[in-house]
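Protein chains: 4
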Amino acid sequence: MNVSFFQELLNGVAERGRHLLDRSLGGVDPTRELTELSRALLSGRGEASGVALAQEILAQYGVLAAEAQRDFFRFLADELSPNEAMLREAAEGYLVSPNAVSLNALARAVEAPRAEFFRRLNLAPGATAKLVAMRARLLICMESEPNLKPVDDDLMLLFQSWFNRGFLLLRRIDWTTPASILDKIIAYEAVHEIQGWDDLRRRLDPSDRRCFAFFHPSLVDDPLIFVEVALTGELPGSIQSLLTEERKVEDGEAAPTTAVFYSISNCQEGLRGISFGNFLIKQVVEDLARELPSLKSFVTLSPVPRFRSWLATIKDTVDNTLLSEADREVLQLLHDPGWILEQERQQVLKNVLLPLAAHYFMAAKRADSLPIDPVARFHLGNGARLERLNWLGDVSEKGLGEAYGLMVNYLYDPREIERNHEGFANHGTVATARPIRSLLKPASRALVSAGLVEGASAQEAEPEVEPIADTDGIESTNDLVEAQD
Amino acid sequence: MNVSFFQELLNGVAERGRHLLDRSLGGVDPTRELTELSRALLSGRGEASGVALAQEILAQYGVLAAEAQRDFFRFLADELSPNEAMLREAAEGYLVSPNAVSLNALARAVEAPRAEFFRRLNLAPGATAKLVAMRARLLICMESEPNLKPVDDDLMLLFQSWFNRGFLLLRRIDWTTPASILDKIIAYEAVHEIQGWDDLRRRLDPSDRRCFAFFHPSLVDDPLIFVEVALTGELPGSIQSLLTEERKVEDGEAAPTTAVFYSISNCQEGLRGISFGNFLIKQVVEDLARELPSLKSFVTLSPVPRFRSWLATIKDTVDNTLLSEADREVLQLLHDPGWILEQERQQVLKNVLLPLAAHYFMAAKRADSLPIDPVARFHLGNGARLERLNWLGDVSEKGLGEAYGLMVNYLYDPREIERNHEGFANHGTVATARPIRSLLKPASRALVSAGLVEGASAQEAEPEVEPIADTDGIESTNDLVEAQD
Amino acid sequence: MNVSFFQELLNGVAERGRHLLDRSLGGVDPTRELTELSRALLSGRGEASGVALAQEILAQYGVLAAEAQRDFFRFLADELSPNEAMLREAAEGYLVSPNAVSLNALARAVEAPRAEFFRRLNLAPGATAKLVAMRARLLICMESEPNLKPVDDDLMLLFQSWFNRGFLLLRRIDWTTPASILDKIIAYEAVHEIQGWDDLRRRLDPSDRRCFAFFHPSLVDDPLIFVEVALTGELPGSIQSLLTEERKVEDGEAAPTTAVFYSISNCQEGLRGISFGNFLIKQVVEDLARELPSLKSFVTLSPVPRFRSWLATIKDTVDNTLLSEADREVLQLLHDPGWILEQERQQVLKNVLLPLAAHYFMAAKRADSLPIDPVARFHLGNGARLERLNWLGDVSEKGLGEAYGLMVNYLYDPREIERNHEGFANHGTVATARPIRSLLKPASRALVSAGLVEGASAQEAEPEVEPIADTDGIESTNDLVEAQD
Amino acid sequence: MNVSFFQELLNGVAERGRHLLDRSLGGVDPTRELTELSRALLSGRGEASGVALAQEILAQYGVLAAEAQRDFFRFLADELSPNEAMLREAAEGYLVSPNAVSLNALARAVEAPRAEFFRRLNLAPGATAKLVAMRARLLICMESEPNLKPVDDDLMLLFQSWFNRGFLLLRRIDWTTPASILDKIIAYEAVHEIQGWDDLRRRLDPSDRRCFAFFHPSLVDDPLIFVEVALTGELPGSIQSLLTEERKVEDGEAAPTTAVFYSISNCQEGLRGISFGNFLIKQVVEDLARELPSLKSFVTLSPVPRFRSWLATIKDTVDNTLLSEADREVLQLLHDPGWILEQERQQVLKNVLLPLAAHYFMAAKRADSLPIDPVARFHLGNGARLERLNWLGDVSEKGLGEAYGLMVNYLYDPREIERNHEGFANHGTVATARPIRSLLKPASRALVSAGLVEGASAQEAEPEVEPIADTDGIESTNDLVEAQD
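From first to last, the protein sequence lines are chains S, B, Y and G. Start counting the first sequence at 1; every next residue gets the next number (our numbering). Start counting the second sequence at 486; every next residue gets the next number (our numbering). Start counting the third sequence at 971; every next residue gets the next number (our numbering). Start counting the fourth sequence at 1456; every next residue gets the next number (our numbering).
In structure tokens:
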């Protein structure tokens, strides 16, 4: 008993299936060995020696070459699928006699054995992180091999259950956080790249900055998602004003009134499609509001990642209701990157681009009648309102490349969130501050009129903020969210 | 924003469904209000304001009277079931064309909406503990209302996923553990009742005692299951020798060779049917073996809860192969409780009872051909071996009442566990030390011969321990496990 | 290097002083060995192998018999004293030429080598606790051997530095505190004995109860002093009303206005004479006031431990200004313990005893012109005010035995604390609520008049509380503080 | 009571001494106010409201300008000194009648009131760190104002008691350490500068690197001293081989046999003169030896900071026994920095410089007959042995500038430590490996012969390591210790 109970237990397994584990044989196919162990885990053996088997399987999977991993996924897709004959029988049984018993039988038959396989793999210490990594790899394989999708469906279902918001822990990230976690914050930041430890410190340490992350108890040192927040005295119009190195924090400053979410980054590729951002934002709002009663508004400062590419597509159409000839001419100015350096050209472009932006958000829709902009879909889907367009909000290369420098603010107002969400989910209505709506040309206006009925609520009668911010100087960067197209 | 973002969010919900939440109206039916909120949680509203709604639902459920809770369960059973029409369509679709798409559609249709409902309830802080408590209540209601079972099936499925062994934390319980947890250890101990804090201390504090529990990250201060262990120099024959107050621990004593698991208790009624004991025992064996290399055997000291009642049933049969006339006469001695006080009567009874006990474990089976004894089913199912019968191992009122004082040891030997488990699971073979088998009468022997082929392995050629322990004095109590009939 | 660097280091010491450590020799005198090691610790060897030597010395001291410990203390007193010749020279040097250099030389010469010895002992892990225990033992030896006092003086000086309030940690004690610490709370409670774990729980767990302790980083699990607090809606008049088992806590109750310190207990005999109580009370007041803004007064409920014995002494005097003949007659009633059961006798006694109590607190003084009552000296010295006399505040055997049931409240009012303290420290003035002063007979009044000038401040013009509480029922127990006569 | 008990308490102080705290008066002298508060802290007021007063004093001190701080130190030096008259009386009293009482009186009179003042300052939360910072400032002032030294003497005495090794916590510093602490490691590293976070990570994260620091419970996030360790398979000859970026760590490598302490840095200027390094090294050796039984030797890789400057002084002497004419000629080569690039010149220089280095360590002494080299004094004083000279061990600018690239190893061998320490402390004997001794020229040899008797012990008969390491390549940097001249 001196080595390890689990090791001995596994040796017991090995003795009984000598061929399985005999790695000294030259001709052993590692995937084949792995599939044998996987079958054992699903059998009665798994009940007796589950932890040991699961450890062994994960260890062996961990050293497989990429192609062998793909083979292993094929095994999961092909062999650990629901048994068709049994499922057919269960389906027929239910159709003949639909009751609790036949329903239960059907539910069992429809679940693929690999679901139980994954649950048993998770018996091993540290398995959860390895399964998340396994799915990240699977997603890559799926790109060229879409029939692996049922495997992904089962992992996804499991992860949705395991990573239920009730199990997530919100932790503040600051300068007393272990360096091993901060390392990951630097690596995972996907919106406004962190330029090393000094930049990181500027985002975490000042008294008017916050960062929060969700963690899962089984992924101890690895955040799932994090958000960076600036506490300010007003709605911010540009990212550079937030991130500039020269910024001074004065301790005695007035209490902040506005919390600005300027960057949200998902961290785990293997959890793609499992949404944490909505919960994270609302929980952080809840906690900040309690900590700092002076806070009155909770907004984002967000990028507009599809604006430029959308503009490229419509410039070629002949629809003059959206783009007059004069407009088209003005847009020619954009061909010379120097426009950004000259006040006059800026102004001319602004007059044309902002109404187009209003259209882009409110009227331009995808086939599923949702907005083209992924960031907009995320925040509007959460119940936020499009609050302000920020001209030259991000004049970094990225910001100009994506949206000619445009940024926007979304506002999270608890009294409106549900109404906004439902309008958006049911009718595609984009909740928008009145001054943005007033930018729409008549033709656009007609397009969105259905939605506007809902949107133009009494509460908005008086716009509380200046809807369009103007930034004169040359500034930088911007925010993306957990939105994927 | 001064109160709470979630509260305001909920107020937003309330405004839009004034009738739902208007509790000032005299005639409001609390269950009806709860069901309205529950529907809202499943609708798009749940996406926007899930955490707030879930909190409110759990709060309202928490103050319901027992009967109203039952009404709520009926609502879950009736209304949040799979939609029959859609399910029928999906089943037919699959039968016509069984492919990944139709399979996926069927899998979705077969899941009851209440599964998603429970997952969304878990958005609220502290929800997991409340859902576990909800199931405990549901189990009571189900006793008289079996058609609530589908609700339980869905909760059970969820809990199996959430309480996956990979998420459990093993923690040692000792005298530095918070009193709030120790309190629960006292309350939950189901095998050998803990007689207050002094008794507890005797079981936790001495250097030759251990206690370990599984915890779940979401049930912070509440153990799921715990096991009490004594470290000894030999296989213990009676519970009283372990638990006596007068016991002295000498620090300089010889290193222990044997870890005795003398009590395992499940703590959460709401997790009934989810098995932790198997994992707990094996993990504790693994950890103890690492910590204390001197440990060579890992055994239980276990009660025999059905022995006396089984004996009562067979006494009335006329099967003389099991019970001779002489035997029947001897058993009459048991009518006088004084037998326990007299050496001679003890000896006579022992000669008759031990062979019967061997039969009870090895040959007497339920309809499903598993042993009658629930503790035996648990340990044998885990792959342990029945190692020794302990005559007068527990002479407490409970021990005499259940089994005329009989206790047994089960041995966990890693080299045998899988073989034992498979023999038991596939053929009902009871792995038994040879000396116990040799107690069997010829007729019993014939009954178990099939199993014995498997059981009589080479390793057992030399019995390593004296198979039957004899205890002269009057001693006490014993161990039950997470076994339910 | 496999064993231990320190062990090898010590072996190095041993080799060079073989006779020191050769314990195999039958005739070795353990104290002599210890003194040799002690000399080594003070020599250059101590610089090279201090940690190892200190460990060894403490280990050897730990197993000494009581008498040998006493011998060791004598060694410290005799041999590790200041060198008289050098000290004399330094004193003369200073007198001849008093400057920084000669002052420094004198300061060095006056410090006993044992001060450095104790500091070096503290190099060993866990030494601080052992030194505290050593002083506890020394205090016992000193009772019969007062010339050990210089040893105690040096330890005391060291402890005053080490246990400086700045190093103490205030921790809340509640039901989540480790049982090993709670154990000690039960053992150390010196005022109102804790009757086991259920009683302890009643004092820690309810939402209107608090307990706080000071800990020192080097005595991890061992509190130095703790205070028990009840949060109430009014000034409490009796201890039983606070501690009764039947008490119900209602969560929705009105916010508390009064924090009552009803028990303070010192825990470490070895730290006797080092005062923590003053700091503890004020820190707890600070913290509670921050946590619970509804709290308006901070009072004690305190015993009167010398009242009865003082009364016995004055009954024999012939001073009729304090005790009239009629009074003396009434006091005869106290000979029959049944007075407590009868309303009428109670009333008669109360009329005589309360004015005497006022005198006892305000006018009866020790030779050093401080009050006779040790609890009074403690709280008044801290700057508190004597606020109310509680007739029948503690009718337990202890309460009746000490003070015929009398208890009192002291009030900590931050605006008065310094003035009260200075009046008390400089003039012996007892800060007293006006209604208690008005109980004084004219003769007593004359005695305290000097003090009253200070005490009768403007703020007291309107007594805020009813100064004398009357309790009808039979109740129990009471509070003592870290006051020793 | 809503603000703070301590604040109100302080207001009470303020009311009674209105002039003290009236900061609204234009003409208030901040130092005068501070001195008034300081007197109050030492008076009876300090007993009543010590924590509040101490907080206030530290807050006010914290905002003083540099010159006002100096004034404050003068106040401490002048006014809070021992009372000369009382001290004179006590000294006379002792001389007349030297007994326990007069000794005690003398001891009290000789302690300056500022000692008690500092102890009372430490009542305030966070005071310890502020006092340490205060001393750092005082040390600067003392440079130009030596009569502040008595203030420093008292602080030093207090710190020696407070920062007793028994109160220090050894903590490992690694990549999971909070960034706020790592920040300080980067800032405090005094020997081989850390070039940012990547360099830091290379020193902390690899499995063959360790870093340990001492912390004090009252300076939570601020290390006192730390040591960096490399685990290797052999005695390292150059710092660059340890710190090079290209280094690869292989997990499966052979177990390390040697722990190399290559950098020790003190962190707190305010604790200058309080020695932690000796304890740190020995504790780390103890802990590493326990963790890694494969470790057999514990050595340093150390710089030789005075070698070059010493050489400069002797070159000008005419003592031909140490430096022959030929040697002098060779040393001319050093004027051309290019010598380092050419094998031949290196070799010629090596032949001359190494014997000089042997002389430098073993024979060249300061007036107090201790070695010139501060690092040598530190390690030899701890009982280490000079083990090897490393030619071109540090070819960085610093290494060449200090010692023409020379580095050395000191060996900590537990069996020798005490003997080495005593030889060094009592006779100035430098424990040296035989091969280094054999480099000495006859004249040097004569000089050190006294010491060599002691040093040439039996154990060294067989040199275990090659005494002189030769490094061919160009490498970098090196280690200094808590040695100040």
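From the three backbone atoms N, C-alpha and C, an ideal C-beta is built for every residue, glycine too.
What residues are listed by DSSP as bridge partners for residue i?
i: S/Y262; result: BP columns for S/Y262 are empty, so no partner.
i: Y/E1198; result: Y/C1181 and Y/S1233
i: B/P663; result: Y/P1148
i: B/Y895; result: B/L871
i: Y/P1341; result: Y/K1335
i: S/T432; result: S/L386
Please list the terminal residues of the continuous alpha helix (DSSP H) segment that includes residue i.
i: S/N104; result: A100 to V110
i: S/S144; result: A127 to S144
i: G/D1608; result: K1604 to W1617
i: S/Y94; result: E84 to V96
i: S/Q268; result: Looking at the DSSP string, S/Q268 is not in any alpha helix (DSSP H), and its letter there is neither H nor E.
i: Y/R1040; result: A1036 to E1049
i: Y/D1297; result: E1295 to Q1302
i: G/H1425; result: Residue 1425 of chain G lies beyond the residue range present for chain G, which begins at 1456 and ends at 1940; the question has no answer from this structure.
Compare the Cα-Cα distances from residue i to each of the options and report the closest residue.
i: G/A1588; options: G/R1727, G/G1878, G/E1780 and G/P1829; result: G/R1727
i: B/E872; options: B/M892, B/G886, B/E887 and B/L538; result: B/M892
i: S/L103; options: S/E56, S/E418 and S/L87; result: S/L87
i: Y/S1051; options: Y/F1182, Y/N1117, Y/E1299 and Y/L1028; result: Y/N1117
i: G/A1886; options: G/P1897, G/A1901, G/Y1867 and G/Q1510; result: G/Y1867
i: Y/A1029; options: Y/L1101, Y/E1386, Y/G1207 and Y/A1334; result: Y/L1101
i: G/A1714; options: G/L1743, G/T1699, G/S1673 and G/Q1738; result: G/L1743
i: Y/L1323; options: Y/N1396, Y/R1336, Y/L1410 and Y/R1404; result: Y/L1410
i: S/F361; options: S/I225, S/A403 and S/K296; result: S/A403
i: Y/P1307; options: Y/L1319, Y/D1297, Y/G1353 and Y/R1298; result: Y/L1319
i: S/D205; options: S/L219, S/L182 and S/Y188; result: S/L182
Terminal residues of the continuous beta strand (DSSP E) containing residue i?
i: Y/V1269; result: S1267 to T1270
i: G/R1761; result: Element bounds for G/R1761: n/a, residue is neither H nor E.
i: B/A656; result: For the sequence presented, residue 656 of chain B should be read as Arg rather than Ala. First-last of the beta strand (DSSP E) with B/R656: L654 to R657.
Three or more C-beta pairs under 8 Å: does that hold for the stretch 1538-1552 of chain G against the stretch 1623-1631 of chain G? Flag = no, the stretch 1538-1552 of chain G and the stretch 1623-1631 of chain G do not touch.
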